[in-house]
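Read in order, the letters of the sequence shown correspond to residues 5 to 463 in our numbering.
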Amino acid sequence: MATRKYTKETTVGGQPVRRRAFLKGICGAVALSPALRKGSRAAESERGLWVGVAVEEITPPLEVGLLMSSSAGRWEAFESVRLPLQARALVLSDGKRRFALVGLDLIGLAGQAVGGIDAFKAEVAHHAGGRFRPSDMVLASSHTHTGPESIALTDLRHTKAFAEWTNELVVRIGSAIRRAAESAAPCRLVLGQVQAAGMAVNRRIVTRRGIASVRRKLPADEVIGPEGPVDDRLRVAALVGRNGRPLAMVVHFAAHPVLEMCLKHVSPDYPGEMLLELERRHPGCTPLFLQGACGNINPPTMERTVANCRRYGQRLAELADEAFKRARPAAVRPLLWGWRKIQLPWRDLDGKPQPSPLETSIGALRLGDAAWGFLPGEPFVEIGLDIVGASPWPFTAVVGYADDYIGYLPTDRAFDNGGYEIGPGRWSRVDRGSQRIVTDGAIQLLHSLRKTRPETRPD
Numbered sequence: 005m006a007t008r009k010y011t012k013e014t015t016v017g018g019q020p021v022r023r024r025a026f027l028k029g030i031c032g033a034v035a036l037s038p039a040l041r042k043g044s045r046a047a048e049s050e051r052g053l054w055v056g057v058a059v060e061e062i063t064p065p066l067e068v069g070l071l072m073s074s075s076a077g078r079w080e081a082f083e084s085v086r087l088p089l090q091a092r093a094l095v096l097s098d099g100k101r102r103f104a105l106v107g108l109d110l111i112g113l114a115g116q117a118v119g120g121i122d123a124f125k126a127e128v129a130h131h132a133g134g135r136f137r138p139s140d141m142v143l144a145s146s147h148t149h150t151g152p153e154s155i156a157l158t159d160l161r162h163t164k165a166f167a168e169w170t171n172e173l174v175v176r177i178g179s180a181i182r183r184a185a186e187s188a189a190p191c192r193l194v195l196g197q198v199q200a201a202g203m204a205v206n207r208r209i210v211t212r213r214g215i216a217s218v219r220r221k222l223p224a225d226e227v228i229g230p231e232g233p234v235d236d237r238l239r240v241a242a243l244v245g246r247n248g249r250p251l252a253m254v255v256h257f258a259a260h261p262v263l264e265m266c267l268k269h270v271s272p273d274y275p276g277e278m279l280l281e282l283e284r285r286h287p288g289c290t291p292l293f294l295q296g297a298c299g300n301i302n303p304p305t306m307e308r309t310v311a312n313c314r315r316y317g318q319r320l321a322e323l324a325d326e327a328f329k330r331a332r333p334a335a336v337r338p339l340l341w342g343w344r345k346i347q348l349p350w351r352d353l354d355g356k357p358q359p360s361p362l363e364t365s366i367g368a369l370r371l372g373d374a375a376w377g378f379l380p381g382e383p384f385v386e387i388g389l390d391i392v393g394a395s396p397w398p399f400t401a402v403v404g405y406a407d408d409y410i411g412y413l414p415t416d417r418a419f420d421n422g423g424y425e426i427g428p429g430r431w432s433r434v435d436r437g438s439q440r441i442v443t444d445g446a447i448q449l450l451h452s453l454r455k456t457r458p459e460t461r462p463d
């Protein structure tokens with residue numbers, strides 16, 4: 005892969021970058037706090053919670069195409085842009101420390117595609133103005149399949165156009181974080197959740213012939229039932245300003261964004277439609293989407309049309325609005341987070357177990373009695389449910405596609421049954437036993453957030 009290089013031809017949000025016509029920065033920040041805009045430590049030292057949000061566009065040029073087939077390793081160029089892709093940064097501060105939640109309209113970020121995920125985050129931190137360490141942020145992809153193929157399943161990552169786009173991407177994400185920090189305003193936290201009945205299905209169907217996918221219609225007499233459960237809880241954490249209106253809203257739900265899959269236009273899929281509808285309902289609010297443990301979870305229909313995508317996203321927005329209306333005030337302290345390195349058994353492309361483990365990271369964030377667990381790759385829903393069930397915090401959400409993309413994280417039962425998600429292939433590298441390592445590590449990390457100084461990885 006080509007090495008990222010930066011020049012000083014122009015600036016984005018005050019940061020020197022190479023100017024590219026295909027990217028146009030947009031601002032989505034909340035009303036600025038003048039003291040914080042000037043970098044005043046006095047303002048940030050006020051007791052309570054502060055939040056800032058900002059948005060940058062990360063739409064690629066059309067030649068930085070989309071994934072068309074994982075098994076064949078095939079990508080194709082886009083033909084048009086239906087909706088732009090965005091990086092949405094939300095920065096939380098308790099006056100002593102800051103953490104950045106970044107939602108990305110991307111299929112994921114594989115270390116092999118971006119020069120290593122730790123190095124990529126270090127560059128993001130640099131372009132955030134030096135106010136954040138790599139461990140002070142999480143880069144959470146929505147997993148839209150109508151974004152650039154950034155998970156190293158094809159040779160797209162070796163092209164010049166891809167390298168130039170990632171040059172811009174790292175700067176845009178850093179700019180969003182920096183501007184979000186500068187826009188911080190005092191807020192309070194409210195938490196809510198609703199059942200999103202019928203909005204997700206377990207796509208791994210047990211049939212008389214083995215595991216099949218809900219991508220195709222199956223004869224009724226062949227179907228035994230779904231292999232596992234769904235998580236139909238839609239969770240909302242809203243940061244409300246002094247005027248009683250939401251400044252930001254973090255929405256969490258688990259379902260593959262595949263309602264426009266293989267349609268050759270750029271689009272954030274249903275998460276983008278949901279966020280647009282929430283912005284319409286709450287002017288001045290910048291919502292952010294965090295994808296759940298949806299490795300084996302799909303929307304209930306696989307009709308790949310813009311109309312279906314829009315309907316589904318708008319329905320989720322209605323449910324998120326309902327959760328917000330039901331939300332109750334919650335504590336905002338402490339603000340703590342931690343990371344842990346884990347080692348997973350893995351296989352080569354032929355399915356042969358490898359002697360050296362695959363190293364990756366898991367993370368967790370605590371805000372009062374709310375917590376988010378951050379997992380790499382595509383965790384199966386059972387992993388998310390087990391972590392939530394053992395969490396010490398009453399409001400817990402497990403986020404997939406966080407930082408590094410390492411392929412599917414299946415259950416051991418899924419390895420017994422086989423199927424697409426088990427591979428082997430570039431999309432499925434970890435081996436049996438990974439479920440317990442990830443689950444136990446995440447649970448232990450969440451419990452460690454009871455401490456004043458939770459464990460964290462070195463930068």
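C-beta: ideal position from N, C-alpha, C; glycine also. What you are looking at is a predicted structure, and each value in this text was computed from that prediction instead of being measured.
First and last residue of the uninterrupted alpha helix (DSSP H) at residue i
{"i": "Gly317", "result": "310–330"}
{"i": "Glu186", "result": "164–186"}
{"i": "Leu369", "result": "Note, Leu369: premise wrong, no alpha helix (DSSP H); beta strand (DSSP E) at 362–371."}
{"i": "Lys125", "result": "121–131"}
{"i": "Ser438", "result": "438–452"}
{"i": "Pro275", "result": "273–285"}
{"i": "Glu264", "result": "Glu264 -> no alpha helix (DSSP H), and no H or E assigned at all."}
{"i": "Glu386", "result": "385–394"}
{"i": "Phe378", "result": "Run containing Phe378: none in the alpha helix (DSSP H); it sits in the beta strand (DSSP E), 374–378."}
Assumed close pair residue i, residue j - CB separation to whole angstroms, cut-off 8 Å
{"i": "Ile155", "j": "Tyr316", "result": "Actually they do not touch by this definition, with Cβ atoms about 23 Å apart."}
{"i": "Arg308", "j": "Glu277", "result": "With 8 Å as the limit, Arg308 and Glu277 do not qualify as a contact, their Cβ atoms being about 14 Å apart."}
{"i": "Gly77", "j": "Arg92", "result": "Their Cβ separation, rounded to whole angstroms, is 30 Å, which puts Gly77 and Arg92 out of contact at 8 Å."}
{"i": "Leu53", "j": "Arg192", "result": "7 Å"}
{"i": "Ile301", "j": "Val402", "result": "About 12 Å; that fails the 8 Å criterion."}
C-alpha distance - residue i paired with residue j, whole-angstrom precision
{"i": "His200", "j": "Asp98", "result": "Sequence check: residue 200 is Ala here, not His. Taking the straight line joining both Cα atoms gives about 32 Å."}
{"i": "Ser365", "j": "Gly115", "result": "12 Å"}
{"i": "Met203", "j": "Ile387", "result": "19 Å"}
{"i": "Thr150", "j": "Pro272", "result": "7 Å"}
{"i": "Gly299", "j": "Ser432", "result": "11 Å"}
{"i": "Ala25", "j": "Ala117", "result": "Note that Ala25 has pLDDT 39, beneath the 50 cutoff, so the model's placement of it is unreliable and the number below is only indicative. In a straight line, the C-alpha of Ala25 is about 23 Å away from that of Ala117."}
{"i": "Leu369", "j": "Glu226", "result": "44 Å"}
{"i": "Ile215", "j": "Gly232", "result": "12 Å"}
{"i": "Asn312", "j": "Val392", "result": "30 Å"}
{"i": "Val95", "j": "Arg246", "result": "17 Å"}
{"i": "Ile181", "j": "Ala132", "result": "6 Å"}
{"i": "Pro275", "j": "Leu294", "result": "9 Å"}
{"i": "Leu348", "j": "Val434", "result": "7 Å"}
{"i": "Gln358", "j": "Pro152", "result": "30 Å"}
{"i": "Glu168", "j": "His260", "result": "28 Å"}
{"i": "Gly445", "j": "Leu292", "result": "26 Å"}
{"i": "Glu283", "j": "Ala334", "result": "23 Å"}
{"i": "Leu73", "j": "Trp79", "result": "The residue you asked about is not Leu; residue 73 is Ser in the sequence shown. The alpha-carbon atoms of Ser73 and Trp79 are separated by roughly 7 Å."}
{"i": "His286", "j": "Glu61", "result": "21 Å"}
{"i": "Arg165", "j": "Phe103", "result": "Note on residue identity: the sequence assigns Ala, not Arg, to residue 165. Computed Cα separation, rounded: 32 Å."}
{"i": "Arg213", "j": "Asp416", "result": "20 Å"}
{"i": "Leu389", "j": "Leu70", "result": "31 Å"}
{"i": "Asp354", "j": "Pro428", "result": "6 Å"}
{"i": "Pro414", "j": "Phe378", "result": "16 Å"}
{"i": "Arg176", "j": "Glu186", "result": "15 Å"}
{"i": "Trp397", "j": "Val55", "result": "21 Å"}
{"i": "Cys31", "j": "Leu280", "result": "Bear in mind that the predicted position of Cys31 carries a pLDDT of just 39, short of 50, making it unreliable; the figure below should be weighed with that in mind. Roughly 15 Å between the two C-alpha positions."}
Residue span of the beta strand (DSSP E) that contains residue i, given as start and end
{"i": "Leu94", "result": "90–97"}
{"i": "Thr207", "result": "Residue identity differs from the one stated: residue 207 is Arg in this sequence, not Thr. That residue, Arg207, is in no beta strand (DSSP E); it is neither H nor E in DSSP."}
{"i": "Phe103", "result": "102–108"}
{"i": "Gln116", "result": "Not the beta strand (DSSP E): Gln116 falls in the alpha helix (DSSP H), residues 115–118."}
{"i": "Phe257", "result": "250–257"}
{"i": "Phe293", "result": "290–295"}
{"i": "Ile111", "result": "Ile111 -> no beta strand (DSSP E), and no H or E assigned at all."}
{"i": "Val402", "result": "399–403"}
{"i": "Ile346", "result": "339–348"}
Pair within 8 Å by beta-carbon distance, residue i and residue j
{"i": "Gly367", "j": "Val336", "result": "no"}
{"i": "Ala58", "j": "Ala189", "result": "no"}
{"i": "Asp321", "j": "Ala258", "result": "First, the residue type needs correcting, since residue 321 is Ala and not Asp in the sequence shown. Not a contact, by the Cβ cut-off of 8 Å."}
{"i": "Gly381", "j": "Tyr412", "result": "yes"}
{"i": "Ile346", "j": "Ile447", "result": "no"}
{"i": "Gln197", "j": "Leu243", "result": "no"}
{"i": "Leu105", "j": "Val254", "result": "yes"}
{"i": "Cys289", "j": "Ala252", "result": "yes"}
{"i": "Trp343", "j": "Ser139", "result": "yes"}
{"i": "Arg101", "j": "Leu339", "result": "yes"}
{"i": "Met306", "j": "Val262", "result": "yes"}
{"i": "Val210", "j": "Pro304", "result": "no"}
Does the structure place the region 69–87 close enough to the region 258–271 that three or more beta carbon pairs sit under 8 Å? The answer is yes - the region 69–87 touches the region 258–271, with three or more Cβ pairs under 8 Å.
Check whether the region 403–418 and the region 114–131 touch, using three or more Cβ-Cβ pairs below 8 Å as the test. Of all C-beta pairs linking the region 403–418 to the region 114–131, three or more are shorter than 8 Å, placing the two stretches in contact.
Any contact between the region 94–112 and the region 140–150? By contact I mean 3 or more CB pairs, one from each, below 8 Å. Result yes; three or more Cβ-Cβ pairs closer than 8 Å.
Meets three-Cβ-pair contact criterion under 8 Å: the region 354–365 and the region 324–340: By the Cβ criterion, the region 354–365 is not in contact with the region 324–340, since fewer than three pairs of Cβ atoms, one from each stretch, lie closer than 8 Å.
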